[in-house]
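Undergrad:
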Amino acid sequence: MKQAFNQRISSALNQRKQAGLNRSRRVVSQGNQATLVVDGKSYLNFSGNDYLGLASSKELMEAWQEGLSLYGSGSGASPLVTGYSKPHANLESQLAEWLGFDCAILFNSGFSANQAVLFSLLEKGDIVLQDKLNHASLMEAGMLSPAVMKRFKHNNIEHLNNLLNRSSDTPTLVVTEGVFSMDGDLSPLADIAQLTKANDAWLMVDDAHGCGVLGSNGRGCCDVYSITPDILIVTFGKGFGLSGAAVLCNQECGDYLSQFARHHVYSTAMPPAQAHALSHALLMIQQQEWRREKLNELSQQFESELMNFVGAVKTPTPIKPIIIGEATDAMILADSLKEQGLWTTAIRPPTVPVGSARIRVTLSANHSSEDISALTQAINELG
Ligand SMILES: Cc1ncc(COP(=O)(O)O)c(C=O)c1O
Numbered sequence: 149m150k151q152a153f154n155q156r157i158s159s160a161l162n163q164r165k166q167a168g169l170n171r172s173r174r175v176v177s178q179g180n181q182a183t184l185v186v187d188g189k190s191y192l193n194f195s196g197n198d199y200l201g202l203a204s205s206k207e208l209m210e211a212w213q214e215g216l217s218l219y220g221s222g223s224g225a226s227p228l229v230t231g232y233s234k235p236h237a238n239l240e241s242q243l244a245e246w247l248g249f250d251c252a253i254l255f256n257s258g259f260s261a262n263q264a265v266l267f268s269l270l271e272k273g274d275i276v277l278q279d280k281l282n283h284a285s286l287m288e289a290g291m292l293s294p295a296v297m298k299r300f301k302h303n304n305i306e307h308l309n310n311l312l313n314r315s316s317d318t319p320t321l322v323v324t325e326g327v328f329s330m331d332g333d334l335s336p337l338a339d340i341a342q343l344t345k346a347n348d349a350w351l352m353v354d355d356a357h358g359c360g361v362l363g364s365n366g367r368g369c370c371d372v373y374s375i376t377p378d379i380l381i382v383t384f385g386k387g388f389g390l391s392g393a394a395v396l397c398n399q400e401c402g403d404y405l406s407q408f409a410r411h412h413v414y415s416t417a418m419p420p421a422q423a424h425a426l427s428h429a430l431l432m433i434q435q436q437e438w439r440r441e442k443l444n445e446l447s448q449q450f451e452s453e454l455m456n457f458v459g460a461v462k463t464p465t466p467i468k469p470i471i472i473g474e475a476t477d478a479m480i481l482a483d484s485l486k487e488q489g490l491w492t493t494a495i496r497p498p499t500v501p502v503g504s505a506r507i508r509v510t511l512s513a514n515h516s517s518e519d520i521s522a523l524t525q526a527i528n529e530l531g
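In short: position in the sequence shown from 1, add 148, done, that's our numbering.
#1: Check whether the Cβ atoms of I305 and L343 sit closer than 8 Å, and answer yes or no.
#2: Below 8 Å CB to CB, which residues in the same chain sit around K534 once its five sequence neighbours on both sides are set aside?
#3: Is any heavy atom in ligand 1 found nearer than 7 Å to the beta carbon of G332?
#4: Candidates D317, H515, N310, Q263: which alpha carbon is nearest M291's?
#5: Check whether the stretch 448-463 touches the stretch 368-376, taking contact to mean three or more Cβ pairs, one atom from each stretch, closer than 8 Å.
#6: Which class does P469 belong to by DSSP, given the choice of helix, strand or coil?
#7: So, is F153 buried or exposed, given that buried needs 16 or more other C-beta atoms within 10 angstroms?
#8: Alpha carbon to alpha carbon, how far is G258 from I527?
#9: Is it buried or exposed for Q422, if we count other Cβ within 10 angstroms and need 16 for buried?
#10: Please report how far the alpha carbon of T487 lies from the alpha carbon of K206, in whole angstroms.
#11: Nearest to L523 by alpha carbon, out of I495, P501, L485?
#12: Considering only the alpha carbon of each residue, which of L216, R156, L202 lies closest to M418?
#13: CB of A526 to nearest heavy atom of ligand 1: below 7 Å?
#14: Hey, would you say I381 sits closer than 8 Å to T320, going by beta carbons?
#15: Roughly how many angstroms lie between the CA atoms of M352 and P501, to the nearest whole one?
#16: Going by the beta-carbon positions, is the gap between T416 and G231 smaller than 8 Å?
#17: Please determine, among L396, G392, L269, P497, the residue with the shortest C-alpha to C-alpha distance to E245.
#18: Just to confirm the assignment, what range does the alpha helix (DSSP H) spanning R440 have?
#19: When you measure from the CB of H283 to every non-hydrogen atom of ligand 1, does any distance come out below 7 Å?
#20: By the three-class DSSP mapping on this structure, what secondary structure does M149 have?
#21: DSSP state of N310, grouped into three classes?
#22: Would F408 be called buried (16 or more neighbouring beta carbons within 10 Å of its own) or exposed?
#23: Hey, which unbroken runs of the alpha helix (DSSP H) at 4 residues or more fall wholly within the stretch 216-298?
#24: Locate the alpha helix (DSSP H) running through D339, then write down its first and last residues.
#25: Between the C-alpha atoms of S177 and T510, what's the straight-line distance to the nearest angstrom?
#26: CA-CA distance, M209 and N310?
#27: According to the neighbour-count rule (16 or more other Cβ atoms, all chains shown, within 10 Å of its Cβ), is E437 buried or exposed?
#28: In chain order, which beta strand (DSSP E) runs of at least 3 residues are fully inside the stretch 467-516?
#29: Using 8 Å as the threshold, is the C-beta distance between A356 and S329 below it?
#30: At a threshold of 7 Å, does H411 count as lining ligand 1 (C-beta to nearest heavy atom)?
#31: Pick from V323, A513, T465, E518: whose alpha carbon is nearest that of S285?
#32: Beta-carbon separation of F388 and L202 under 8 Å?
#33: Curious, which full-length alpha helix (DSSP H) runs of at least 4 residues does the stretch 350-425 contain?
#34: What do you get for N170, buried or exposed, if any count of 16 or more other CB atoms within 10 angstroms of its CB means buried?
#35: Give every residue of the same chain whose Cβ lies closer than 8 Å to the Cβ of H307, excluding the five residues on either side of it in the sequence, and list them in chain order.
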C-alpha cells in the first residue's frame, strides 16, 4: 500500500514534465532588487511583485532592525496565547484607519488569510461566487468549503447578475480580486459592489496587487472605485515589500475571525519586529508618492515601446502580460530573454488557462528607464 504514494508522485511528476509544464526552483540572489543574480550571472529582474521597490529599501531594513532590537526575534506564540503585542495592535489600527474599516486582523500570508475567511465564514447551504481568474488560495478554499461554489466569467457583470438572481434568499458571498495577478487588469468593483448590495450578498475583495500601488495614497482598488466591501484582503508581500496579510472588516466580523479563523488562532503570530517594519512600510506607502509616480512613468514607457508587439496587453497596473499562446513558445521567449540578461517568467497552465501561456512582466519603482528600454528592445527584436 505504501507503494501507492510513490506511484502517485512519480506519475504526477512525469505527466507534468511531458506536458512541458514542469517548473524549477532556481537559487536566486538579490531577487528583491532590480538586478538579480543566478549562477553568477546577473539579470534585470522583471519577475517580482515588489512594485514600489520597498523590499530592498535601506529605510525599511532599518525599521526592521529597530523592531528586532526593540522586540526580539519571534513572537513566541499564537495571537490568542501570548503572541499578540503592541506592534501587532498598532499595525492593525493603522491599517483599519487608513483603509476606512472598523478593524484589521493580521495573518502570516495572503494565502492563509483568504483560506481562513472562506473556511470560517461559509456553511453548508451558502453560495460563494468567484471570478473565474481568482487566486488559487480562494478557489481552493471555495471548493473545499461546505458552500456551493460557482465561478462567474472573468469580470462579467451579466454572468454574476444571473448567478446572483438564482441564489435569491441563500446567504451569498461574492469574491473577486482587485487587480488580477496574471492579467494585470482591474475588477469592475463599482458594478460588482452595486450588484452584491442589490442582492443582499456580501462582497470580499482580495487587493493583494492593488494595495500600496493604486488609489490615493496607495489605498488600492477600493479607493479607485470608491467602494467599501464587507471584507478586504491586503497582503504585504507585494507593494509593502515584506510578507504577511490583513483582513479588514467590521468590528463584529473581526471579533468572529479572531475567534474562529483557524489560520489566525492556531498559527504563531508574525514576529513583532515584522509588524513594526510593516507599520513603517505603510508610512512609506503613504508618504512616498514618487514611487507610484515613477511606476506610472515606467508603465507608460513600456507600453509605448511595445505598442506594435502582438500579444502585449496594456494595463493600468505594473503587471504587463504578453500573451504568447502555447506553453513551449512562452518558455522559448523567456529563455531567449534570459540569454540577453533579462529575467522574465513564463506563466503556463494550470496557473493560466490552456492556450494563454504568457510572459508576465512586472515593473518596479526600482527600475530605470534604461532597464525598460533594454527589455522592450529585446522583446521587439525576438518577436
Ligand atoms: C491575488 C492574490 N491573493 C493572495 C496571494 C497570496 O499572498 P501571499 O503571497 O501573501 O500568500 C497572492 C500571491 O501571489 C495573490 O496574487
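Even for Gly, the Cβ is constructed at its ideal location relative to N, Cα and C.
TA: On the basis of the data shown:
#1: yes
#2: An answer regarding residue 534 cannot be provided, because it is not within the stretch 149 to 531 covered by the chain.
#3: Every heavy atom of ligand 1 is 7 Å or more from the Cβ of G332, so no.
#4: Q263
#5: no
#6: strand
#7: It is exposed - the Cβ of F153 has fewer than 16 other Cβ atoms within 10 Å.
#8: 32 Å
#9: buried
#10: Note that residue 487 corresponds to Glu in the displayed sequence, not to Thr. Distance between the alpha carbons of E487 and K206 is about 31 Å.
#11: L485
#12: L216
#13: no
#14: no
#15: 24 Å
#16: yes
#17: L396
#18: 437-453
#19: yes
#20: coil
#21: In the structure shown, N310 sits in a helix (DSSP, three-state: H, G or I).
#22: exposed
#23: The stretch 216-298 contains, as complete alpha helix (DSSP H) runs of 4+ residues, the segments 234-247, 258-269, 284-292 (chain order).
#24: Element bounds for D339: 337-346.
#25: When rounded, the separation of the alpha-carbon atoms in S177 and T510 is 18 Å.
#26: 49 Å
#27: exposed
#28: 467-473, 493-495, 505-510
#29: yes
#30: It does not: the Cβ of H411 is nowhere closer than 7 Å to a heavy atom of ligand 1.
#31: V323
#32: yes
#33: 369-372, 399-408, 410-413
#34: exposed
#35: F300, K301
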